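Here's the structure we're looking at; comments come further down.
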Amino acid sequence: MVCVAWDIETCPQPLSALTDTQKERYETEMRQSERKKPDLDHEDRCRLVRSTHPLLGWICCISAVSGTLDGQVNDPVSWTAATEDDEVDLFLDFWSTVAGFSRGVTWVTFNGKRFDVPFLLARSARRDVSPTRRDLTDTYPYNNRPHTDLCNLWPASYSLADLCEHLYVDSPKDGFDGSKVADAVEEGRIEQMQEYCERDVVATLKCAQAARAVLRLD
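Take the sequence shown: its position 68, counted from the start at 1, is 67 in numbering that gives the first Met the number 0, and no numbers get skipped.
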């Protein structure tokens, strides 16, 4: 069975560029974040809130890697945007490319049904780019095909790094994590950000391979 693991990286929009509607949403998200994570540094909270809401952030990278459940992992591919204005070209290239993937593919993500898919669809709509794969955007929580979300493996809270540790898969973090994406993009270190996203998708695919028996995808 062919599987394709994919992931997105996001950046925050500048506070100075937010419209009145966006500012209202930003303040609401900040209050909710303060209740959920009271110990978070204000600057980190500000960046996190804007990077995790599609009204306040944008997609700077999508990475994907194909393989099989029996251990094959191909070279990852990526679509990147150095600025928010480049996002439309990222979507045009991404949706055009995945349209040509086989119809029997199983998509694999980590938290994709709750975050990556909704964010991707919202930003694609913002850019007036039509999705080409309904199976990739499946968010039904109680099945593993056509979209397997590894966050739904067990009813517990864990990160991708936690899952890698549990399944004996090398951690993709390697000194770089999602909190550093925005700085890397702002400073022009697009390749470093892309490499991080690609490590994530490779680790995600390897976790799916390691959890093959539980997923029952065969």
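The beta carbon of each residue, even a glycine, is placed where N, CA and C say it ideally should be. Quick caveat, the model's predicted, so the values are computed rather than measured.
### Message
Can you confirm whether the region 98-117 touches the region 142-151 when touching is taken to mean that 3 or more C-beta pairs between the two stretches lie within less than 8 angstroms?
### Response
yes
### Query
Does the count of Cβ pairs from the region 54-65 and the region 75-92 closer than 8 angstroms reach three?
yes
### Query
Under a Cβ-count criterion, where at least 16 other Cβ atoms within 10 Å of its own Cβ denotes burial, should Q208 be classed as buried or exposed?
The sequence position of residue 208 within the sequence shown is 209, counting from 1. Buried, by the Cβ-count rule.
### Query
Quick one: what does DSSP say T18 is sitting in, helix, strand or coil?
Along the sequence shown, one-based indexing puts residue 18 at 19. The answer is coil: DSSP assigns T18 none of H, G, I, E or B.
### Query
What span of residues does the beta strand (DSSP E) with H146 cover, start to end?
Numbered from its first residue, the sequence shown carries residue 146 at position 147. Looking at the DSSP string, the run of the beta strand (DSSP E) that includes H146 is H146 to D148.
### Message
Quick check for students: name the residue ranges of the beta strand (DSSP E) that lie wholly in the region 108-152, counting only runs of 3 or more.
### Response
146-148
### Message
Less than 8 angstroms between C-beta atoms, sequence neighbours within five positions excluded: which residues of the same chain meet that for S123?
### Response
For the purposes of this step, residue 123 is taken as the residue at position 124 of the sequence shown. Taken in chain order, the residues that qualify are F90, W94, S129 and P130.
### Task
May I have the straight-line CA-CA distance separating V76 from V1, to the nearest angstrom?
On the sequence shown, residue 76 is found 77 positions in, with the first residue counted as 1. On the sequence shown, residue 1 is found 2 positions in, with the first residue counted as 1. Taking the straight line joining both Cα atoms gives about 16 angstroms.
### Query
In the DSSP assignment, what residue or residues form a beta bridge with I58?
Numbered from its first residue, the sequence shown carries residue 58 at position 59. T9, per the DSSP bridge assignment.
### T238: first and last residue of the uninterrupted alpha helix (DSSP H) it sits in
The structure shown has nothing for residue 238, since the chain only spans 0 to 217.
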